[in-house]
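All remarks here apply to the structure that follows.
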Amino acid sequence: IKSRLSFDLTECSDGELRALFLEDPHLAEERYTHPALYLLPFFCLPLTLLSAALTIRSHALRREGGSLRSTGDSNDILLRELAVGWLDPWLIFVLLANAVQTLAALQCIQKADKTADVYWRLSLLGVGAGMAWLTLLRYLKFFPTYYVLIRTLARAFPRLLRFLSGLVPLLLAYALCGTCVFWPSSNFASLSDALMGMFSLLN
Numbered sequence: 001i002k003s004r005l006s007f008d009l010t011e012c013s014d015g016e017l018r019a020l021f022l023e024d025p026h027l028a029e030e031r032y033t034h035p036a037l038y039l040l041p042f043f044c045l046p047l048t049l050l051s052a053a054l055t056i057r058s059h060a061l062r063r064e065g066g067s068l069r070s071t072g073d074s075n076d077i078l079l080r081e082l083a084v085g086w087l088d089p090w091l092i093f094v095l096l097a098n099a100v101q102t103l104a105a106l107q108c109i110q111k112a113d114k115t116a117d118v119y120w121r122l123s124l125l126g127v128g129a130g131m132a133w134l135t136l137l138r139y140l141k142f143f144p145t146y147y148v149l150i151r152t153l154a155r156a157f158p159r160l161l162r163f164l165s166g167l168v169p170l171l172l173a174y175a176l177c178g179t180c181v182f183w184p185s186s187n188f189a190s191l192s193d194a195l196m197g198m199f200s201l202l203n
């Protein structure tokens with residue numbers, strides 16, 4: 001593909017050039033070129049559903065085993081579950097990851113539909129792959145030596161929230177003031193530009 005672009009820089013006052021490129025609609029209709037790429041979603045979809053079923057089953061067995069040992073009213077049992085960790089956050093994360101991976105596989109299976117968006121499909125694939133790798137961290141709980149990073153993040157998270165509660169008003173005050181006062185500059189042309197400038201100053 002050959003193209004030729006010409007620019008008129010006479011109206012460019014602050015050295016900033018904005019260009020708009022239109023996406024070729026035919027790029028969103030490309031088909032797979034290899035049969036293995038077409039069969040891969042059919043291989044991943046049953047594995048994802050099996051993972052979700054096994055996760056729900058393990059959680060049900062864990063609750064069933066714990067309910068046999070639990071005595072007292074329902075409020076005490078719920079508090080005990082929260083304290084012991086039976087309502088595991090990893091369960092929610094794994095099920096959410098399985099849902100994203102299932103949607104990504106279904107999007108890839110429906111590739112023949114010309115209205116399917118390539119960006120949406122690739123975004124689901126990327127998020128699903130990232131969440132699949134993150135779910136591997138839950139198995140490191142059985143090896144405390146390798147679970148140091150997650151324990152450190154869990155311990156530091158409340159302090160980080162307290163730090164952010166004091167930082168966010170300062171950041172927004174700078175961004176809003178800079179946008180209102182220095183709006184002719186390209187660094188403060190919008191609120192997002194001002195926030196990026198403040199973030200670069202903090203680093």
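Start counting the sequence shown at 1; every next residue gets the next number (full-length UniProt numbering).
For every residue, glycine included, the Cβ atom is placed at its ideal position computed from N, Cα and C.
Where residue i sits in the DSSP three-state scheme
i	result
Phe143	coil
Ser200	helix
Ser190	coil
Residue i: first and last residue of the uninterrupted alpha helix (DSSP H) it sits in
i	result
Trp183	No alpha helix (DSSP H) holds Trp183; DSSP gives it neither H nor E.
Phe93	89 to 109
Leu125	118 to 135
Identity of the residue in the options nearest residue i by Cα
i	options	result
Arg57	Leu40, Val94, Pro41	Val94
Gln110	Phe182, Leu39, Leu153	Leu39
Ser200	Tyr174, Leu124, Arg62	Tyr174
Same chain only: Cβ atoms within 8 Å of residue i, ignoring 5 sequence neighbours per side
i	result
Leu140	Tyr146, Tyr147, Ile150
Contacts around residue i, its chain only, beta-carbon distance under 6 Å, and the 5 residues preceding and following it disregarded
i	result
Gly178	Phe188, Ala194
Val127	Val100
Leu171	Met198
His59	Leu91
Pro184	none
Ala129	none
Beta-carbon proximity check, residue i vs residue j, cutoff 8 Å
i	j	result
Met131	Ala105	no
Pro41	Cys108	yes
Thr48	Thr135	no
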